[in-house]
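*Asks:* Chains A and B are the protein sequences, given in the same order. Using numbering that gives the first Met the number 0, read the first sequence as starting at 0 and increasing by one per residue. Using numbering that gives the first Met the number 0, read the second sequence as starting at 0 and increasing by one per residue.
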Amino acid sequence: MELKQLYREIVNEHNLHPVHKKTIENPDLILRGVNPSCGDDITLSLKLDGDIIVDGGYEGSGCAISQASVDMMVDQIVGKKKDEAIKLAGTFMGMIKGEVTDEESIEALDEAAALQDVAHMPARVKCAVLGWKTMQQMLEGGAEVE
Amino acid sequence: MSTLSEFRKDFEIFDSGEYVYFDNAATSQRPKQVMEAVSEFYRTVNANPLRGLYDWSMEATARYEGARKTVADFIGGASTEEIIFTRNTTESLNLVAYSYGMANVQEGDEIVITVMEHHSNMLPWQMVAKKKGAKLVYLEPTMDGTLTKEEYESKITDKTKIVAIGHVSNVFGVTNPVKEITAYAHSKGAVVVIDGAQSTPHMKVDVKDLDCDFFAFSGHKMLAPMGIGVLYGKRAILDKMDPFLTGGEMIEYVTREDATYAELPHKFEAGTVNAGDAVGLAEAIKYLQKVGFEAIEAQELKLTTLLMEGLKKLPYIKVFGSEDPAKHCGIVTFVMDGVHPHDLSSVLNDDKVCVRAGHHCAQPLMQFIGAGSTARASVYFYNTEEEVKIFLEKLSKVREVMGYGA
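#1: If you reduce the DSSP assignment to three classes, tell me which class VAL10(A) lands in.
#2: Quick check: the Cα distance between ARG375(B) and ILE330(B), rounded to an integer number of angstroms?
#3: If you check the beta carbons only, do ASP39(A) and GLY61(A) fall under 8 Å apart?
#4: Mapping DSSP to helix, strand and coil, what is CYS353(B)?
#5: Can the beta-carbon of VAL37(B) be found closer than 8 Å to that of GLY270(B)?
#6: Please report how far the alpha carbon of CYS328(B) lies from the alpha carbon of ALA189(B), in whole angstroms.
#7: If the cut is a Cβ gap below 7 Å, which residues of chain A does MET401(B) touch?
#8: CA-CA distance, ARG398(B) and ASN348(B)?
#9: In or out: MET142(B) buried (at least 16 other Cβ within 10 Å) or exposed?
#10: How big is the Cα-Cα spacing for TYR315(B) and ASP323(B)?
#11: Judging by CA-CA distance, which residue of ASP116(A), ASN25(A), LYS20(A), ILE105(A) is the nearest neighbour of ASP74(A)?
#12: Hey, ILE110(B) and LYS154(B) are a contact pair by Cβ (cut 8 Å); roughly how many whole angstroms apart?
#13: Answer with yes or no whether the minimum CB distance from MET120(A) to chain B is below 8 Å.
#14: Three or more C-beta pairs closer than 8 Å, one from the stretch 373 to 387 of chain B and one from the stretch 48 to 59 of chain B: is that the case here?
#15: Answer with buried or exposed for ASN23(B), where buried requires no fewer than 16 other C-beta atoms within 10 angstroms of its C-beta.
#16: Among GLU11(B), ALA294(B), GLY165(B), which has the Cα closest to the Cα of MET115(B)?
#17: In chain order, what residues of the same chain lie with their CB nearer than 6 Å to the CB of ILE12(B), ignoring the 5 residues before and after it?
#18: Taking buried to mean at least 16 other C-beta atoms within 10 Å of its own C-beta, is PRO242(B) buried or exposed?
#19: Looking at chain A, is there any beta carbon in it that lies within less than 8 Å of the beta carbon of ASP241(B)?
#20: Check the Cβ-Cβ distances between LYS80(A) and every residue of chain B, and say whether any is below 8 Å.
#21: Let's test the definition: count the other Cβ atoms within 10 Å of the Cβ of PRO123(B) and tell me whether it reaches 16, buried, or not, exposed.
#22: For PHE40(B), which three-state DSSP category applies?
#23: Taking 8 Å as the limit between beta carbons, can you name the residues of its chain near ARG7(B), skipping five residues before and five after?
#24: Tell me, to the nearest whole angstrom, how far the beta carbon of PHE171(B) is from that of GLY144(B); I am working on the premise that it is less than 8 Å.
#25: Comparing the C-beta of ARG123(A) with each C-beta of chain B, is any distance below 8 Å?
#26: Please say whether PHE40(B) and ARG62(B) have beta carbons closer to each other than 8 Å?
#27: Any C-beta of chain B within less than 8 Å: which residues of the stretch 103 to 120 of chain A qualify?
#28: How long is the line joining the alpha carbons of ALA235(B) and CYS360(B), rounded to whole angstroms?
#29: Using a Cβ cut-off of 8 Å (strictly closer), state whether LEU129(A) contacts chain B.
#30: Between GLU139(B) and the rest of its own chain, which residues show a CB-CB distance below 6 Å, the 5 nearest in sequence each way excluded?
#31: Taking only the alpha-carbon atoms, compute the straight-line gap between ASP108(B) and ALA77(B) and give it to the nearest angstrom.
#32: With DSSP run on the structure shown, which of helix, strand or coil describes SER395(B)?
#33: Assuming ASN175(B) and LEU146(B) make a contact with CB atoms under 8 Å, what is their CB distance in whole Å?
#34: Ends of the beta strand (DSSP E) at ILE164(B)?
#35: Is there at least one Cβ from chain A nearer than 8 Å to GLY371(B)'s Cβ?
#36: Of all Cβ atoms in chain A, is any one closer than 8 Å to the Cβ of SER395(B)?
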């Protein structure tokens, strides 16, 4: 997909009208993720019920790709088990780095799969993976709410 | 004008006509004469300079030292002992910080820099201040980038040991009053270091007239290859400084326990030197002199004026720095309402327009102007009015791509 098309068809909607850019009640995990070199800065909050992610939200600022990517990600992981979410993060980051290319794996990412072409934009890889990286870190033993 | 379009033909990277390159403040393009000079050095006289006693090595030495003479003359008649070849401005400034700063700054002393500095002229001084227990004092400009007399006269004091200041800001494009600041700093007994990375490609520099103690610049922003830079230092000061790096060809005598160092400037040029690119830098200087700084400045002013007038017509664009195009040195930094500079730069790239986006290695300045990140278009003499028009036209469509109506 061409970059402009990617913005118009996918990224803008999530960037300008995000669904999950909000605070959630009583989050169990909160973690900030930053790309210092470009200023992308998000704080991700998740609520868990046992092993299941039951709610999620984020706040912050940054480029459209970083913000849209985290919005799509929250869409994907709410309702999933922790280890499923971690596995999806691996798939997403693999896809963006061009290491995961088989359709079946990528389809599991649903809408987030639309960012596959960021793999051809090395300068924007960091933006696309920020949310996923932050989520993976927090679920793998990141930041408990005090 | 016609001569400028002739000069442009020497830059083969523009032959395809595909790209508008407006990131000249990051690095310039190189004319074929420069690349040919480097190639010719390696094809015809290559040998390790300063060492061999045979023809090629002696010729390589002559070319390398000839390049030093060209540089010395170019910046106002310095002597060749005062010209040290480095990799770039960053290395030049680190040389001064480590070799002069660490030896001469003591606890309680002050180092004065500005909040506009590139990280290259900030981090070395942060390091010296931290290690020596000295205080780092920041000069702050007005919002249009002006350093006032009151500001520098109130902050440069008897405690100041070093004043390190950018000649031209890589964000505002403003030319700082470095000559006046140097005179004032000298009256307080401080040594003055000027970062000339953004000025040397665009204006006549005269280190004797500025009377600064150190002046650093890079070849790659002024048509020369990447990896060759210069540090000018006053001989009396360089003489007293210890080497920055030690090793080959910077020695006189070496025993198992001790060494005496070579004379200036070789004392500061340890290891095999970058002679090929020094020759390239000399060729770049000759090229710039052929174009002439008058023509360079006139073209940059014409393009900057056109650029700023065009940006003014876009109500969602905010330009930083002075409203006067003459005070931008070809650099126009801006933000677009609602669009992150990285998205802006990516969308422009889709139209083959190259601009920089980010913090421009000046994070404290970004904090000072209240922007996390900005976009920057920077022109050089080989850019054209046509390119400015293309840039403005493509830029005017970015917001639509980003979902803000038409």
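Positions of the beta carbon are idealized from the N, C-alpha and C atoms, including for glycine.
*Replies:* In terms of the structure at hand:
#1: helix
#2: 7 Å
#3: yes
#4: Strand, per DSSP.
#5: no
#6: 28 Å
#7: TYR6, ASN11, ALA63
#8: Approximately 14 Å between the Cα atoms of the pair.
#9: exposed
#10: 19 Å
#11: LYS20(A)
#12: Not confirmed; about 11 Å, so no contact.
#13: yes
#14: No, they do not touch.
#15: buried
#16: GLY165(B)
#17: GLN28
#18: buried
#19: no
#20: no
#21: buried
#22: helix
#23: PHE13, TYR381, THR383
#24: So it is a contact: roughly 3 Å between Cβ atoms.
#25: The Cβ of ARG123(A) sits closer than 8 Å to at least one Cβ of chain B.
#26: yes
#27: MET120
#28: Roughly 32 Å between the two C-alpha positions.
#29: no
#30: VAL114
#31: 30 Å
#32: coil
#33: 5 Å
#34: 159 to 165
#35: yes
#36: At a cut-off of 8 Å between beta-carbon atoms, SER395(B) makes no contact with chain A.
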